[in-house]
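Asks: In our numbering, the protein residues as written are 188 to 498. Idealized CB from N, CA, C, for every residue including glycine. Here the structure is a predicted model, which means the values were calculated and not measured.
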């Protein structure tokens with residue numbers, strides 16, 4: 188199989204005839220399927236490293252690589268945990284289109300990534316977030332699934348709405364910039380619009396919002412309010428920002444960002460409020476030490492089970 192053709196497919200640049208050619212090649216033998224998955228995994232790793240020069244250089248070589256080099260590249264890309272749907276649980280009854288089409292990316296605690304979809308849409312994916320999307324958008328809609336938080340700069344296409352599906356609701360746009368927080372484990376669902384327009388749905392509820400507005404799912408109702416502080420969306424830069432936020436909400440945000448459990452045993456700090464910024468890469472222990480300058484508390488960390496006690 189021509190490597191350049193494979194990489195064009197990964198980037199959504201192949202014709203229907205070329206896709207059939209790739210599918211037939213995959214079906215020809217288990218070895219071909221294995222090689223396809225290895226190449227796909229390597230391509231995704233390099234995309235997430237934003238090393239376009241490496242991709243172009245590698246694409247020109249019509250040879251497949253060994254497992255060792257794949258593992259080395261994946262070590263470099265260890266800031267993400269990546270799974271190709273069905274890649275290692277392949278079943279001969281699984282439609283080949285599903286194997287070719289869908290991929291899933293999960294960002295571990297304390298990290299974030301940036302990626303570009305085949306339609307030109309750019310996505311920033313926050314800590315402990317998962318997104319699932321097709322290699323190319325071939326239907327009437329451009330649909331992705333999100334569990335977590337992401338910032339989207341959606342490429343405009345009036346004929347193909349871009350839809351983000353989450354556990355609590357969906358967001359539909361044509362071309363816009365917006366932030367969506369929808370972590371399934373804490374029932375959050377907040378859509379903030381920076382540019383363009385979006386339609387937000389949850390159950391039977393539906394809201395249209397304008398730039399500088401946000402919609403929050405609150406006890407089954409979608410409530411629209413103005414965006415008060417754009418600093419909270421600077422997580423794309425690796426910053427965790429708060430403006431007059433309660434200590435409890437700050438700890439909840441730290442739990443999400445760092446993948447830890449925080450137990451507040453000191454009831455005196457619950458209503459304390461704080462304004463400030465933290466660089467996520469500095470770690471939670473450093474962030475807590477900074478907070479101690481304004482709020483009186485101590486903390487203990489159990490490294491084994493990742494629990495922090497606020498005393």
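Can you tell me the Cα-Cα spacing of residue 485 and residue 430, whole angstroms?
Replies: By 1-based counting over the chain shown, the position of residue 485 is 298. By 1-based counting over the chain shown, the position of residue 430 is 243. When the Cα atoms are used, residue 485 and residue 430 turn out to be separated by approximately 22 Å.
Asks: Taking buried to mean at least 16 other C-beta atoms within 10 Å of its own C-beta, is residue 494 buried or exposed?
Replies: Position 307 of the chain shown, counting from 1, holds the residue named residue 494. Classification for residue 494: exposed.
Asks: Pull up the distance between the alpha-carbon of residue 366 and that of residue 336, whole angstroms please.
Replies: For the purposes of this step, residue 366 is taken as residue 179 along the chain shown, with counting starting at 1. For the purposes of this step, residue 336 is taken as residue 149 along the chain shown, with counting starting at 1. Cα-Cα distance, rounded: 7 Å.
Asks: Three or more C-beta pairs closer than 8 Å, one from the segment 347–366 and one from the segment 377–387: is that the case here?
Replies: yes
Asks: Roughly how many whole angstroms lie between the Cα atoms of residue 383 and residue 362?
Replies: Position 196 of the chain shown holds residue 383. Position 175 of the chain shown holds residue 362. A straight-line Cα-Cα distance of about 7 Å links residue 383 and residue 362.
Asks: May I ask you to report which of helix, strand or coil DSSP gives residue 332?
Replies: Locating residue 332 in the chain shown gives position 145, where the first residue counts as 1. Reduced to three states, the DSSP call for residue 332 is strand.
Asks: Mark residue 457 as exposed unless 16 or more other C-beta atoms lie within 10 angstroms of its C-beta, in which case mark it buried.
Replies: Walking along the chain shown from the start, residue 457 turns up at place 270. With fewer than 16 Cβ atoms within 10 Å of its Cβ, residue 457 is classed as exposed.
Asks: Where does residue 354 sit, in a helix, a strand or coil, going by DSSP?
Replies: As a first step, residue 354 must be located in the chain shown, where it is residue number 167. Secondary structure of residue 354 (DSSP, three-state): coil.
Asks: Rounded to whole angstroms, what's the CA-CA distance from residue 289 to residue 304? Just pull it up for me.
Replies: The residue given as residue 289 occupies position 102 in the chain shown. The residue given as residue 304 occupies position 117 in the chain shown. The alpha-carbon atoms of residue 289 and residue 304 are separated by roughly 12 Å.
Asks: Does DSSP classify residue 379 as helix, strand or coil?
Replies: Your numbering for residue 379 matches position 192 in the chain shown. Residue 379 falls in the strand class under three-state DSSP.
Asks: Taking the C-alpha atoms as reference points, what is the distance between residue 480 and residue 459?
Replies: The residue labelled residue 480 in the question sits at position 293 within the chain shown. The residue labelled residue 459 in the question sits at position 272 within the chain shown. So the alpha carbons of these two residues sit roughly 12 Å apart.
Asks: For residue 304, name the three-state secondary structure that DSSP assigns.
Replies: Within the chain shown, numbered from 1, the residue matching residue 304 stands at position 117. Coil.
Asks: For residue 389, report the span of its alpha helix (DSSP H) as first-last.
Replies: On the chain shown, residue 389 is found 202 positions in, with the first residue counted as 1. It is not in any alpha helix (DSSP H) - residue 389 instead sits in the beta strand (DSSP E) that spans 385–389.
Asks: In this structure, how does DSSP classify residue 441 when only helix, strand and coil are distinguished?
Replies: Indexing the chain shown from 1 puts residue 441 at position 254. Of the three classes helix, strand and coil, the one that applies to residue 441 here is helix, per DSSP.
Asks: Where do the N-terminal and C-terminal ends of the beta strand (DSSP E) with residue 370 fall, by residue?
Replies: As a first step, residue 370 is located in the chain shown; it is residue number 183 there, counting from the start. No residue range can be given for residue 370, since it is assigned to no beta strand (DSSP E) and is classified by DSSP as neither H nor E.
Asks: Tell me which same chain residues have a C-beta within less than 7 Å of the C-beta of residue 432, skipping the five on either side of it?
Replies: On the chain shown, position 245 is the one that residue 432 refers to. Cβ neighbours of residue 432 beyond the five flanking positions: 460 and 461.
Asks: Check each candidate in 483, 312, 496 and 441 and name the one with the smallest Cα separation from residue 474.
Replies: On the chain shown, residue 474 is found 287 positions in, with the first residue counted as 1. Residue 474 has its Cα closest to that of 441, out of 483, 312, 496 and 441.
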